[in-house]
Amino acid sequence: MKYTLYLPLVLMLHLLFSCTSYDYITHERGISFEQNEVAYTIELFSPNIVRVLSLPKGDSIVTKRLITDWRNASPVTFKIKSTKEKISITTTGLTVEFDKVNESFAFYERGTHRLLLQEAKPARSFQRMKVADETCLRVRQSFDSNDEEALYGLGQYQNGVMNLKGDTILLLHSNMDIANPFLVSTKGYGILWDNYSSTTFIDHIDGYHFDSEVADASDYYFVHGKDIEEVIGGYRELTGAVPMFPKWAFGFWQSKERYKSFSELESVVREYRKRNIPLDNIVQDWEYWGDKEHWNALTFNTDSFPNARKVIERLNHEQQVHVMISVWPGFGPASDIYQELNAIGALFEEPTWAGYKIFDVYNPEAREIFWKYLKNGLFDQGVNAWWLDATEPSFRDGFTQRKQEARSKSAGNTYMGSFHRYLNVYSLEMSRFLYHKLREASDKRIFILTRSAFASQQKYATAVWSGDVSSSWENLHKQIPAGLNFSMSGIPYWTSDIGGFFVTERDGMFPEGLKDDAFKELYTRWFQFGAFSPLFRAHGTNVPREIWQFGEPGDIYYDTQLKYIELRYRLLPYLYSLSWRITNRNYTLMRGLAMDFPQDTLVHDIDNSYMFGPAFLVRPVLQPMKMNLQQTGTYLPIHEGKYWYDFWTGEATACGKTHLMSTPLPVMPLYIKGGSILPLGKVKQYAMENHDDELELRVYRGMDADFLLYDDQGEDNGFEHGAYATIPLRWNEASQELVLDKREGLFEKMPETISFTIKLYQPDNPSPDVKKILYTGKKTIIDFSK
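Positions 24 to 809 (this note's numbering) are the ones given, in order, by the sequence shown.
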């Protein structure tokens, strides 16, 4: 039986039960039953992922399900047990138990029978409503909770909150807020709430609940894992794996609002190359199309942006820089695409802040029109990457969630249904269709940056940024829990506007802009944080963002920014290997401390530091030097490796204490976890300048360690067919041996040999032991015990 048959089966239960003596019906992936006018279905996606669906008996499912994909789900073996009090279904990973008396579900870990989560009493409520001229349900689903667990995820919000315990979250999009209804717990589970309408999450003293305005049912997925990492992996198993970005995506991105001509844009790139400042990407923001009447015409205005194909070819091949362009969901009335979309009734009448009209991305015919113009006007001109701006979608008043919600709802019905019902998935639908079109049109990897997102959007090669945040120390601090919770809700690629988008206006704290050294200090600290974000991108308005705008060589702001750009490029072997782990093993790069240190409950609420991959503990400086006296304290979590090493000096500090580091402007606290292998490359001018044939391997003692070093051609999709190479690296703490195992795989232009400089850091000596070898692809053992 296919998944698509399950819902009709559920809806027929009230007929089937009248013909059987059993109190449940078994189907291919679980069971269904009724009690007190409610129809329940338990569906098993995997041994550790279960869907719990409940709705009033006889009701129909109206909302099209958009975020999960059952097509590749493997069969699940399960056992059923039914008594007068309970019905349970057991897999190799879980037992799901329904209490007939309290009408609530509980989830237990198989083997230990440890209670993972229990629905509250009462568990759910259905309130018949009329919304947007249609009858629907308002659904509230409640769960028990306690102070022992910490909760994370649900997307990105500018509230400065790390641990969501005791918090209220509006699952609504706005310019700076992103709803992703996936919640993770330190108890080893996650909840994916499958609803796209206006939803409120509230955690209080007795537990938490989801309350959705428009629904047909209570519909959620319970995901179990031994830790948060595994839970997030279950989310991606359920909603889609993350494609590989091209290698150049992990280099430096230069952007601002905005370059006004190709001449200006090219001059910026030439200046980077002249100064030997590494750069991979240049971004063209809005109005390359001309005036507002031609808003987002999906073509270059030839007065300021002539000969687009030649210019982009020149940037790609002579300057080795990739071009990303801003694309919007709305169109000015003088554009050809506006006329064509208007002719099929695919433009919303709701006014927008710039006078354009937003198109109905849910409409298949409208999507084809959009693609036709984008392909002819931009894709065929050689544009390399896609910036989908304002994809909430932004009509007007988009800086607050409730106003953004109201404007979207007042736009009326989409092709799929009311905006009330499909409020949060505009960005998902836009990313989905564009990704598939780009895959059909090119054999190169895809990069899409978008301001909004929803569950499963990671499947469509999307990264997000945190919107038009204003420039202040407070907002710099807020970006850390915002990015961490977003990453922990399953979508791994995130960034922010370095320095804040607004500097001199709105809530920007620096009306003098670049004339004010206080802004330059904040920008440089934010720049350091950007270098240790999944994507490293300078962008904003009011002041230019090129590095030389902050000084010249010898100036502390210039030199510090250059230092972190060069460090980012040295980290590319580490980052690119981890990008493979994201794609191949469901890894998460930017990690709340609870992900890696589950036994250390002191980390649950920490919002000022995070893990960046398995090695780095990153602690951005979040106050001006006049306030922190050039010292920054960092809590060093407890772990089996016993030590944390100062990345800058090699000095070791024991776990479980707060360490003070001297932090003049060039220094951001970076610690390496004892029991880590860290690969570093040489500084390059661009990510694909050459394949690494000289690498530094740093080994930090404390416990056994491993790292899978990965490389491939860099931007084509050959890796999907095996065109890549891996080198397993292993450190044995007892024998003090580093093993470089046999290289597996092959790709075009792979270096035959790699010169490794290996540095061993030990807790009693900050100066490393150094050995050099020439690696030929065969298993090699380096003995440091002698």
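We put the CB at the ideal spot given by N, CA and C, even for glycine.
As the structure is a prediction and not an experimental result, all values here were calculated from the model.
Buried/exposed call for residue i, threshold 16 Cβ in 10 Å
i, result
"HIS662", "buried"
"ARG137", "exposed"
"ALA561", "buried"
"THR115", "exposed"
"GLN653", "exposed"
"THR672", "exposed"
"ARG614", "buried"
"LEU797", "exposed"
"VAL641", "buried"
"LEU206", "buried"
"ALA240", "buried"
"LYS543", "buried"
"TYR396", "buried"
"LYS802", "exposed"
CB-CB length for residue i against residue j, believed under 8 Å
i, j, result
"SER431", "ILE201", "About 15 Å; that fails the 8 Å criterion."
"THR423", "TYR449", "The Cβ separation is near 17 Å, so there is no contact."
"LEU195", "SER221", "6 Å"
"TRP496", "PRO647", "7 Å"
"ARG593", "LEU703", "5 Å"
"THR611", "GLU341", "That belief does not hold up - the Cβ atoms of THR611 and GLU341 are roughly 37 Å apart, past 8 Å."
"VAL334", "GLU289", "7 Å"
"LEU174", "SER208", "6 Å"
"PHE56", "ILE110", "6 Å"
Sequence-distant residues of the same chain with beta carbon closer than 6 Å to residue i, five excluded per side
i, result
"ARG88", "none"
"ALA238", "LEU160, VAL162 and ASN218"
Residue i, DSSP secondary structure in three states
i, result
"ILE214", "strand"
"GLU719", "strand"
"ILE367", "coil"
"SER510", "helix"
"ASP787", "coil"
"PHE323", "coil"
"PHE555", "coil"
"TYR295", "helix"
"ALA272", "helix"
"ILE661", "coil"
"MET648", "helix"
"ILE65", "strand"
"ILE579", "helix"
"THR606", "helix"
"GLU712", "coil"
"TYR282", "coil"
"VAL334", "helix"
"CYS42", "Because CYS42 sits at a pLDDT of 35, beneath the cut-off of 50, its placement in the model cannot be relied upon, and the point is left open."
"TRP376", "coil"
"PHE573", "helix"
"LEU640", "strand"
"GLU760", "strand"
"THR780", "strand"
"THR100", "coil"
"GLY256", "helix"
Chain-order list of residues whose beta-carbon lies under 7 Å from that of residue i (same chain, five-residue window excluded)
i, result
"MET24", "For MET24, the pLDDT reaches just 30, beneath the cut-off of 50, and the residue's location in the model is therefore unreliable, although a value from the coordinates is still provided. Same-chain partners within the cutoff: HIS50 and GLU51."
"VAL124", "GLU108"
"SER441", "ALA155 and GLU157"
"ILE629", "MET185, LEU616 and TYR658"
Cβ shell of residue i (< 8 Å), same chain only, five flanking positions each side left out
i, result
"PHE713", "According to the sequence provided, residue 713 is Asn. The question's Phe does not apply to it. Answer for ASN713: LYS707, listed in chain order."
"SER44", "Annotation note: pLDDT 36 at SER44 (below 50); position unreliable, no value reported."
"ALA748", "TYR733, ASP734, ASP735, ARG766, GLU767, GLY768, LEU769, PHE770 and MET773"
"LYS795", "SER778, PHE779, THR780 and ILE781"
"ALA369", "PHE382, ASP383, ASN386, GLU388, ALA389, ILE392 and TYR438"
"LYS809", "none"
"PRO567", "LYS279 and LEU537"
"ASP792", "LYS782, LEU783, GLN785 and PHE807"
"ASP729", "ILE700, PRO751, LEU752, ARG753 and TRP754"
Residues bridged to residue i (per DSSP)
i, result
"GLY178", "ALA202"
"GLY768", "ALA748"
"ILE700", "VAL722"
"ILE110", "SER105 and PHE121"
"ILE305", "GLN277 and VAL346"
"ILE471", "TRP409 and THR485"
"MET152", "CYS159"
"LEU194", "THR222"
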